[in-house]
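Engineer: Numbering (the numbering used here), first residue to last: 46 to 201.
Idealized CB from N, CA, C, for every residue including glycine.
None of these values were measured; they are calculated from a predicted model.
In structure tokens:
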């Protein structure tokens with residue numbers, strides 16, 4: 046894995062991680078019932094934080110966990126026995142997975158829809174499709190990382 050790929054993983058990982066951290070604020074407000082954001086905004090009017098505790102917990106954790114995944118892959122990437130194409134695939138797959146999981150979770154918290162089944166409304170269907178991308182990519186990336194580690198171990 047090239048240094049440039051590692052930096053891309055770090056930058057995207059930090060961005061996704063920060064989204065997860067920021068999602069902790071509405072989680073706290075929804076969970077405690079504090080209406081800190083229940084204010085009148087210019088051109089919008091009265092606004093309260095949408096979503097349930099479960100949706101905000103998921104958004105909070107998806108951002109943090111997927112951000113850490115990007116950072117972990119960046120940290121070990123150069124030590125793995127990967128060619129340029131495999132390293133490129135792993136980099137893109139991990140970054141895309143981090144973003145689709147985080148965006149789908151945030152969308153679910155803000156607009157509703159869990160994304161667990163298809164045909165339950167537009168936002169739910171969008172979330173479902175985003176999660177499917179991550180569900181397909183993350184095992185492929187994990188398998189590629191495991192294979193590259195195994196090759197490195199065998200090479201001595």
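#1: Under DSSP, the alpha helix (DSSP H) around residue 104 begins and ends at which residues?
#2: Go through its chain and collect everything with a Cβ distance to residue 123's Cβ below 6 Å, but skip five positions before and after it.
#3: Buried or exposed: residue 71, going by 16 or more other Cβ atoms within 10 Å of its Cβ?
#4: Can you find the residues in the same chain that come closer than 8 Å, C-beta to C-beta, to residue 48, ignoring five residues on each side of it along the sequence?
#5: Roughly how many angstroms separate the alpha carbons of residue 133 and residue 93, rounded to a whole number?
#6: Leaving aside the five residues before and after residue 109 along the sequence, list all residues of the same chain whose C-beta is less than 8 Å from its C-beta, in chain order.
#7: Which of helix, strand or coil does DSSP assign to residue 63?
Structural biologist: Let's see:
#1: 98 to 121
#2: 46
#3: buried
#4: Answer for residue 48: 123, listed in chain order.
#5: 42 Å
#6: 62, 65 and 66
#7: helix
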